[in-house]
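Here is the structure we will look at.
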Amino acid sequence: MKKWCGVAAAAAVLVMGAGQLAQAADDYKSFGVRMRAIYVKPDESFDSKLSALQPKVSDDIIPELDLEYFFTKNFSAELIAGVTRNDIKLNNGFAGSTWLLPPTLTVKYHPLAGSTISPYVGVGLNVIFPFNSKLNGVNDFQIDNSVGWAVQAGTDLKISDSLYFNIDYKYLNADTKATIAGTKYKLDLNPHLIGIGVGYRF
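Residue numbers for the sequence shown, in mature numbering (1 follows the signal peptide of the UniProt record, and there is no 0): -24 to -1, 1 to 178.
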């Protein structure tokens, strides 16, 4: 809890600082929309009480939509939306599945904004909403929501003044719990998100 609260405060400071740095003379497009293909790789960690079952959460590849707003030429905020379905495996066999909705908001710094190659870094918050979670033979199974921090790095490659190619990496801190037959167990999902896509600014 303390960790993501600290990140929230840092993100708020960045947003306020970005607003103060805004200058009317800057020539940049304020809004952007992007479509990515995302490889989702959970870095899961289960409660030690479940270690005998060798639990694992599978990877997934999903489409992702994100919206971006530039406060200044060098500072922006990005909101991503996507849904991932992950198999749950026990002893290397299929045992169930869960769907995850992980809206994430980051504040990004673009040191070379406007260049043909424009790298960026970002920090922010993510909320993960698991739904339609199922475990074979267990009626009482659910995964709790989680709130955590997020870090991001990537590069925009300019194709034209408005169109660009994007490579992006995010890490989402997602510490949650799973309820199995009335007992709660620790479950950390902590997914890595690796994406490529195209974006348009206007």
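Virtual Cβ for every residue (Gly too), placed ideally from N, Cα, C.
Quick caveat, the model's predicted, so the values are computed rather than measured.
In three-state terms, what does DSSP make of residue i?
{"i": "Lys5", "result": "coil"}
{"i": "Lys17", "result": "strand"}
{"i": "Leu(-4)", "result": "Its pLDDT being 42, under 50, Leu(-4) is placed unreliably by the model, and the measurement read from it follows with that caveat. Three-state result, Leu(-4): helix."}
{"i": "Ala28", "result": "helix"}
{"i": "Thr131", "result": "strand"}
{"i": "Ser94", "result": "strand"}
{"i": "Val99", "result": "strand"}
{"i": "Ser34", "result": "coil"}
{"i": "Pro106", "result": "strand"}
{"i": "Ala157", "result": "coil"}
{"i": "Ala71", "result": "strand"}
{"i": "Gly58", "result": "coil"}
{"i": "Phe46", "result": "strand"}
{"i": "Pro78", "result": "coil"}
{"i": "Ser122", "result": "strand"}
{"i": "Phe51", "result": "strand"}
{"i": "Asn149", "result": "coil"}
{"i": "Asp23", "result": "coil"}
{"i": "residue 179", "result": "This structure cannot settle anything about residue 179, because the visible part of the chain is limited to -24 through 178."}
Here's the rule: buried if 16 or more other CB atoms are within 10 angstroms of the residue's CB, otherwise exposed. What is residue i?
{"i": "Val9", "result": "exposed"}
{"i": "Gln128", "result": "buried"}
{"i": "Ser21", "result": "exposed"}
{"i": "Leu88", "result": "exposed"}
{"i": "Ala126", "result": "buried"}
{"i": "Thr60", "result": "buried"}
{"i": "Gly90", "result": "exposed"}
{"i": "Asp116", "result": "exposed"}
{"i": "Tyr4", "result": "exposed"}
{"i": "Asp132", "result": "buried"}
{"i": "Asp42", "result": "buried"}
{"i": "Asp137", "result": "exposed"}
{"i": "Thr80", "result": "buried"}
{"i": "Phe47", "result": "buried"}
Going by Cα to Cα distance, which pick from the options is closest to residue i?
{"i": "Val83", "options": "Ile56, Val114, Tyr15, Pro31", "result": "Ile56"}
{"i": "residue 185", "options": "Ile93, Ile135, Asn112, Leu66", "result": "The structure shown does not extend to residue 185, since the chain is modelled only from -24 through 178, so no value can be given for it."}
{"i": "Asn68", "options": "Arg12, Ala28, Lys153, Gly98", "result": "Ala28"}
{"i": "Pro78", "options": "Ile64, Tyr85, Ile104", "result": "Ile104"}
{"i": "Ser6", "options": "Glu54, Ser34, Gly158", "result": "Glu54"}
{"i": "Lys25", "options": "Pro39, Leu139, Pro95, Lys153", "result": "Lys153"}
{"i": "Asp151", "options": "Leu101, Phe47, Ser94, Tyr45", "result": "Leu101"}
{"i": "residue 184", "options": "Tyr96, Pro39, Asp120, Ile38", "result": "Because the chain spans -24 through 178 in this model, residue 184 falls outside it and cannot be assessed."}
{"i": "Val33", "options": "Tyr45, Asp164, Met11, His86", "result": "Asp164"}
Is any heavy atom of the ligand PLP found at a distance shorter than 8 angstroms from the C-beta of residue i?
{"i": "Asn121", "result": "With respect to the ligand PLP, the structure shown offers nothing to examine, as it has no ligands at all."}
Since residue i and residue j should fall inside the 8 angstroms C-beta cutoff, what is the C-beta to C-beta distance between them, to a whole number of angstroms?
{"i": "residue 180", "j": "Gln30", "result": "For the chain, the structure presents residues -24 to 178; residue 180 sits outside this window and is missing."}
{"i": "Ile156", "j": "Val114", "result": "6 angstroms"}
At the 9 angstroms Cβ level, is residue i part of the contact set with chain C, yes or no?
{"i": "Val174", "result": "Considering every chain present, this structure includes no chain C. It has just one protein chain."}
Any chance the segment 96 to 111 sits against the segment 71 to 79, with 3 or more Cβ pairs inside 8 angstroms?
-> With a cut-off of 8 angstroms on Cβ pairs, the segment 96 to 111 is in contact with the segment 71 to 79, counting three or more such pairs.
Segment contact flag, the segment 10 to 17 with the segment 168 to 178, C-beta cutoff 8 angstroms, min 3 pairs | yes
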